Amino acid sequence: MPQSEPAEVQQADSHPLRQRLEQRREQILDLYNSDLKAGQASADEGTDDIVDRANNSYNREFLFSLSNNERAMLVEVDEAIARMDEGTYGSCLHCQREIGSARLEAVPWAKLCIDCQELKEQGMLPDMN
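Just remember that our numbering sits 15 ahead of the position in the sequence shown, which is counted from 1.
See below:
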């Protein structure tokens, strides 16, 4: 049976974790834009040396992989903000139990309680995506 959410979680607009999530969102967008510009600059560097081209290609792939990770984190953060707006923030998406406040402080975008997260990491919980 789902537990009711703490009053502090229900106050989504003024919740301190919402502010942290929004700050994290801005950081990710800034990093993504920086990586994108660096990747484009790397692509624009013309060179005839095959070693330099290989190095530039590797650097571009590395920068774009960072961008993929940043995009994945952005999705996690946006989903957490949406859960705040819906009033479901702080409840585990799998078992509906309350996610501990220490876990939310450490990982404000957490969507699983610590027990369900451990099950997921052991491959014993279906993917939540």
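Note that CB positions come from ideal geometry on N, CA and C, so glycine has one too. Since the structure is predicted, the reported quantities are computational estimates derived from the model, not experimental observations.
Item to check | Alpha-carbon spacing of Met16 relative to Cys107, whole angstroms | outcome: In this predicted model, Met16 has a pLDDT of only 40, less than 50, meaning its place in the structure is not dependable; the value taken from the coordinates is given anyway. Distance between the alpha carbons of Met16 and Cys107: 12 Å.
Checklist entry - The alpha helix (DSSP H) with Ala117 in it runs from where to where? => result Element bounds for Ala117: Ser116 to Ala121.
Checklist entry - Terminal residues of the continuous alpha helix (DSSP H) containing Asp130? => result Counted as a single uninterrupted DSSP element, the alpha helix (DSSP H) harbouring Asp130 occupies residues Ile129 to Glu136.
Checklist entry - Of all the options Gln34, Pro31 and Leu46, which has the alpha carbon lying nearest to the alpha carbon of Met88? => result Minimum Cα distance to Met88 is reached at Leu46.
Checklist entry - Count the other CB atoms within 10 Å of the CB of Ser116; is the residue buried (16 or more) or exposed (fewer)? => result The residue in question, Ser116, is exposed, as its Cβ has fewer than 16 Cβ neighbours within 10 Å.
Checklist entry - Between Leu140 and the rest of its own chain, which residues show a CB-CB distance below 7 Å, the 5 nearest in sequence each way excluded? => result When the five nearest sequence neighbours on each side are left out, the beta carbons in the same chain lying within less than 7 Å of the beta carbon of Leu140 are those of His109, Cys131 and Leu134, in order along the chain.
Item to check | Beta-carbon proximity check, Ala95 vs Leu44, cutoff 8 Å | outcome: Between Ala95 and Leu44, the C-beta spacing is not below 8 Å.
Next on the checklist: Tell me the rounded alpha-carbon separation between Gln26 and Leu127.
Outcome noted: For Gln26, the predicted model reports a pLDDT of 49, less than 50, meaning its position is unreliable; a value from the coordinates is still stated below. Going from the Cα of Gln26 to the Cα of Leu127 covers about 20 Å.
Checklist entry - Among residues of its own chain, excluding the 5 on either side of Arg98, which ones have a beta-carbon nearer than 6 Å to its beta-carbon? => result Its chain contains Tyr104 as the residues whose beta carbon lies nearer than 6 Å to that of Arg98, once the 5 sequence neighbours on both sides are disregarded; these appear in chain order.
Checklist entry - Based on the DSSP output, what are the partners of Ser106 in its beta bridges? => result Beta-bridge pairing by DSSP links Ser106 to Glu113.
Item to check | Cβ neighbours of Leu32 in the same chain (closer than 7 Å, five flanking residues each side left out) | outcome: Only Leu119 and Pro123 meet the Cβ criterion.
Item to check | Residue environment, Ala121, which counts as buried when at least 16 other CB atoms sit within 10 Å | outcome: Classification of Ala121: exposed, given that the 10 Å Cβ count is below 16.
Next on the checklist: I'd like to check one pair, Asp93 with Arg40: are the Cβ atoms closer than 8 Å?
Outcome noted: Yes.
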